[in-house]
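K.L.:
Numbering (our numbering), first residue to last: 79 to 865.
Don't be surprised by glycine CBs; every beta carbon is placed ideally from N, CA and C.
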Ligand code: IFM
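1) At what residues does the beta strand (DSSP E) containing residue 283 begin and finish?
2) Hey, how far is the Cα of residue 817 from the Cα of residue 617?
3) Nearest to residue 283 by CA position, among 704, 163, 328, 543, is which residue?
4) Just grab the DSSP bridge partners of residue 168 for me.
5) So is residue 724 buried or exposed if we call it buried at 16+ other beta carbons inside 10 Å?
6) May I ask whether a heavy atom of the ligand IFM can be found less than 8 Å away from the beta carbon of residue 628?
7) Pick out whichever of 272, 375, 314, 343 has its Cα sitting closest to the Cα of residue 331.
8) Quick one: does the C-beta of residue 524 sit closer than 8 Å to a heavy atom of the ligand IFM?
9) Am I right that residue 183 and residue 196 are in contact with their C-beta atoms under 8 Å? What's the rounded C-beta distance?
10) Quick check: the region 604-624 against the region 532-547, are at least 3 beta-carbon pairs closer than 8 Å?
11) For residue 775 and residue 391, what's the separation of their Cα atoms in angstroms?
12) If you follow the alpha helix (DSSP H) that residue 857 is in, where does it begin and where does it stop?
13) Identify every residue that forms a DSSP beta bridge with residue 294.
14) Hey, residue 561 and residue 638: beta-carbon distance below 9 Å or not?
15) Nearest CA to the CA of residue 674: which residue from 632, 552, 500, 714?
16) Taking only three categories from DSSP, how would you classify residue 409?
17) How is the beta strand (DSSP E) around residue 619 delimited, first residue to last?
18) To the nearest angstrom, how far is the alpha carbon of residue 830 from that of residue 524?
19) Between residue 31 and the ligand IFM, is the CB less than 8 Å from at least one heavy atom?
20) If you run the structure through DSSP and keep just helix, strand and coil, what is residue 865?
21) Taking the continuous alpha helix (DSSP H) assigned at residue 182, which residues delimit it?
22) Let's test the definition: count the other Cβ atoms within 10 Å of the Cβ of residue 316 and tell me whether it reaches 16, buried, or not, exposed.
23) Who are the near neighbours of residue 442 in its chain, counting only those whose CB is closer than 6 Å to its CB and skipping five residues on each side?
24) What three-state label does DSSP hand residue 689 in the structure shown?
25) If we count the other Cβ atoms within 10 Å of its Cβ and call it buried at 16 or more, is residue 301 buried or exposed?
26) To the nearest angstrom, how far is it from the Cα of residue 167 to the Cα of residue 240?
27) Where does the unbroken alpha helix (DSSP H) through residue 697 begin, and where does it stop?
28) Hey, could you find the ends of the alpha helix (DSSP H) residue 557 is sitting in?
29) With distance defined between alpha-carbon atoms, name the residue in 231, 535, 175, 158 nearest to residue 222.
30) What do you get for residue 476, buried or exposed, if any count of 16 or more other CB atoms within 10 angstroms of its CB means buried?
31) Whole angstroms are fine: how far does the CA of residue 267 sit from the CA of residue 245?
32) Alpha carbon to alpha carbon, how far is residue 578 from residue 791?
33) Between 401, 365, 179, 155, which has its C-alpha nearest residue 93's C-alpha?
34) Take the Cβ of residue 798 as the centre, count every other Cβ of all protein chains shown within 10 Å, and call the residue buried at 16 or more, exposed below.
35) Taking only three categories from DSSP, how would you classify residue 789?
36) Rank 229, 296, 212, 404 by C-alpha distance to the C-alpha of residue 366 and give the top, closest one.
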């Protein structure tokens with residue numbers, strides 16, 4: 079069972095725990111307590127092995143394809159954490175004997191994982207055990223572990239075996255060649271392995287240091303080298319009530335690391351040598367010093383990014399936003415813009431480490447307004463993927479850049495073609511998203527424009543953003559077809575955000591977003607023409623903008639945009655959605671597992687019903703919020719929510735933001751709470767395949783764009799706060815055009831402080847009035863009315 083309130087003192091609302099060992103439910107805390115630093119992600123599997131464990135170590139960007147028929151995926155690297163511990167001849171396992179006290183906790187403040195328990199062995203001997211672990215935020219290649227065991231029933235013989243285990247697979251797919259194994263100076267184990275298809279070298283090190291009652295203990299190792307494995311065993315007698323401790327320090331380097339390429343040409347020997355040297359010096363520092371360096375980095379992160387919520391209730395909301403911010407940082411390869419963010423971060427095999435629109439629409443806004451340089455890196459990743467997008471457009475007979483639905487390292491389409499079983503035919507179902515879920519191209523354009531507006535980073539726009547927009551606009555302009563009867567351009571045979579509707583025509587979200595992207599590109603080109611003729615000329619020479627502009631203008635002006643219906647204000651999700659029959663979706667909506675409907679109906683049957691997987695029209699109401707009135711938003715939120723199962727974790731947060739925007743504070747809070755509970759909540763099976771990355775970005779968005787009601791439109795900042803009634807105050811940082819603002823809200827007052835010097839005063843619209851912020855601004859308002 080998870081507990082949220084055990085953090086005390088400086089750890090209050092920073093720590094959550096699992097109390098009681100549940101060998102069947104390991105996946106939950108392996109994921110939600112995962113450790114990482116954006117370079118690597120380590121699932122928090124127990125040190126001792128269990129049948130239902132999923133031990134994973136992923137390194138960002140190191141994709142490999144196991145087989146021609148399989149999708150490329152992040153390989154599960156060699157395990158560094160497993161320890162076989164034999165006490166008095168009995169192997170430590172919490173599935174045998176009795177466990178008297180058990181607590182596993184993650185401290186979000188420091189990034190340290192702790193596991194403590196009292197184990198009574200089958201022979202009735204008691205041991206107090208404590209395990210600590212961290213992945214360094216300071217040195218992205220390092221991780222540390224510490225084990226402390228006290229025999230409580232008299233002296234005991236300890237035998238301990240651990241090392242580097244390259245026998246790991248991704249659900250059976252072995253991504254590495256056998257490799258080279260070596261032990262240096264009877265102390266440092268090294269495993270070198272290369273991925274089978276992408277030829278990425280991994281070099282892993284591990285070494286151990288022993289203590290008895292806090293004093294160094296020299297133990298002679300027995301060295302073990304086996305198939306895909308290298309490690310050491312140690313034996314010793316531990317006196318009763320003494321603490322035997324071992325620190326295991328480990329490191330991970332790969333040939334894909336940016337520093338591996340620096341200077342001289344890459345060679346595996348050089349990577350081995352350099353990483354061994356670095357490991358030696360870090361091993362010398364020991365667990366406590368390495369942890370302290372890492373914790374200092376976490377402190378700096380939190381000093382910059384912490385959000386404080388004062389609530390009448392328990393501290394769950396506070397913990398939930400910190401949980402989201404913790405995972406947002408560890409999932410993001412902020413060290414290298416060649417890599418994207420996986421839909422499960424670096425915490426599980428789910429979605430194979432691939433990047434989706436989750437990054438631009440759900441996660442990037444957090445970084446844009448907290449650490450903008452990371453947001454820029456995420457867009458650079460898409461810039462580097464332009465060739466993949468151009469290839470996809472060309473392969474499909476379109477112009478410009480058609481971004482793949484799922485990407486890995488190369489920028490090419492990586493969506494698997496076959497998925498879950500069809501309940502009627504028993505055959506695998508074709509996954510159409512890779513062919514038809516095309517809104518991602520507009521979503522990326524949206525993120526580029528939002529980035530430029532919020533940062534004023536013209537250099538990025540000139541060098542990369544403009545090219546991306548031009549190519550995306552060209553794609554959409556070639557994707558539309560003319561419909562004589564409507565006298566409009568239309569987009570046929572597509573999938574919108576709602577993945578329970580395939581092969582549909584005129585998905586409202588996709589049509590509006592495509593039009594938005596084309597219009598934004600036209601405006602950008604015109605502004606270049608006026609203000610930066612040199613850049614306009616360069617872009618025109620390279621991309622023939624002048625030849626393209628006419629077509630863009632025609633499409634932007636005459637693309638069919640489904641408007642709210644007279645009478646009920648409903649925006650048709652697509653040409654046929656509102657004509658389809660409805661069913662009672664309550665059983666699926668209330669179920670603890672997702673996609674239960676696909677166990678009762680085939681996908682084709684679901685496509686034929688008014689049943690939605692996730693926010694679609696509601697997503698549109700959120701992204702293009704200024705295009706729709708509150709009446710339209712209210713009507714569509716209510717209608718489509720009643721048809722939506724929320725089988726995607728991306729759904730709840732968006733519903734919350736739209737509800738906030740129309741003043742439905744309690745509904746907004748309810749959705750926020752449900753979004754917060756997707757991973758952190760009590761459902762012990764929700765996170766087995768990894769964390770729900772987008773939903774964590776969504777939690778931040780619910781708070782900042784929903785409850786605080788911030789809008790950053792066309793370079794203008796506005797706020798319409800609607801704090802949940804349970805909250806007394808909310809304080810958060812928000813970076814706007816290079817200035818770090820600290821915003822504090824109560825139900826009566828908005829206070830904004832410019833924490834870093836602002837080059838120019840910032841105008842903020844609150845309600846109907848525009849205020850000028852020099853260094854501090856205080857405005858009275860009423861949260862119930864929103865202005
Ligand atoms: O991008 C999402 C999609 O919207 C719903 N299915 C899961 C994907 C990855 O999170």
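P.N.:
In short, the structure shows the following:
1) Counting along the chain, the beta strand (DSSP E) containing residue 283 begins and ends at 279-290.
2) Roughly 31 Å between the two C-alpha positions.
3) Nearest to residue 283 by C-alpha distance, out of 704, 163, 328, 543, is 328.
4) In the DSSP output, where bridge partners are listed per residue, residue 168 has 165.
5) Under a 10 Å Cβ-count criterion, residue 724 is classified as buried, with 16 or more other Cβ atoms of the shown protein chains found around its own Cβ.
6) When distances are taken from the beta-carbon of residue 628 to the heavy atoms of the ligand IFM, even the shortest one reaches 8 Å or more.
7) The candidate whose alpha carbon is nearest that of residue 331 is 272.
8) No, the Cβ of residue 524 stays beyond 8 Å of every heavy atom of the ligand IFM.
9) No, residue 183 and residue 196 are not in contact; Cβ-Cβ is about 16 Å, not under 8 Å.
10) Yes, the region 532-547 touches the region 604-624.
11) Using only the alpha carbons, I get a separation of about 23 Å.
12) Boundaries for residue 857: no alpha helix (DSSP H) harbours it, while the beta strand (DSSP E) harbouring it runs 854-858, taken from the DSSP string.
13) Paired residues: 289.
14) It is a contact, given that the beta carbons lie within the stated cut-off.
15) If we check each option's Cα against that of residue 674, 500 comes out closest.
16) When secondary structure is reduced to three states using DSSP, residue 409 falls in the helix class.
17) Careful: residue 619 lies outside any beta strand (DSSP E), inside the alpha helix (DSSP H) at 611-621.
18) C-alpha separation (whole angstroms): 27 Å.
19) Since the first residue of the chain shown is 79 and the last is 865, residue 31 is not available in this structure.
20) Caution applies to residue 865, whose pLDDT of 44 falls short of 50 and renders its modelled position unreliable; the value that the coordinates give is listed next. Coil, per DSSP.
21) Membership of residue 182 in any alpha helix (DSSP H) is not indicated; the residue belongs instead to the beta strand (DSSP E) covering 176-185.
22) It is buried - the Cβ of residue 316 has at least 16 other Cβ atoms within 10 Å.
23) Only 453, 456, 525 meet the Cβ criterion.
24) Note: residue 689 maps to coil in three-state DSSP.
25) Counting other Cβ atoms within 10 Å of its Cβ, residue 301 stays below 16 and is therefore classed as exposed.
26) Roughly 17 Å between the two C-alpha positions.
27) Looking at the DSSP string, the run of the alpha helix (DSSP H) that includes residue 697 is 695-701.
28) Counting along the chain, the alpha helix (DSSP H) containing residue 557 begins and ends at 544-557.
29) Checked all of 231, 535, 175, 158; the closest Cα to residue 222 is 158.
30) So residue 476 ends up on the buried side.
31) Straight across, the Cα-Cα distance linking residue 245 with residue 267 is about 16 Å.
32) About 31 Å.
33) Relative to residue 93, the option among 401, 365, 179, 155 whose CA is nearest is 401.
34) Under this definition residue 798 is a buried residue.
35) Residue state, collapsed to three classes: strand.
36) It is 212.
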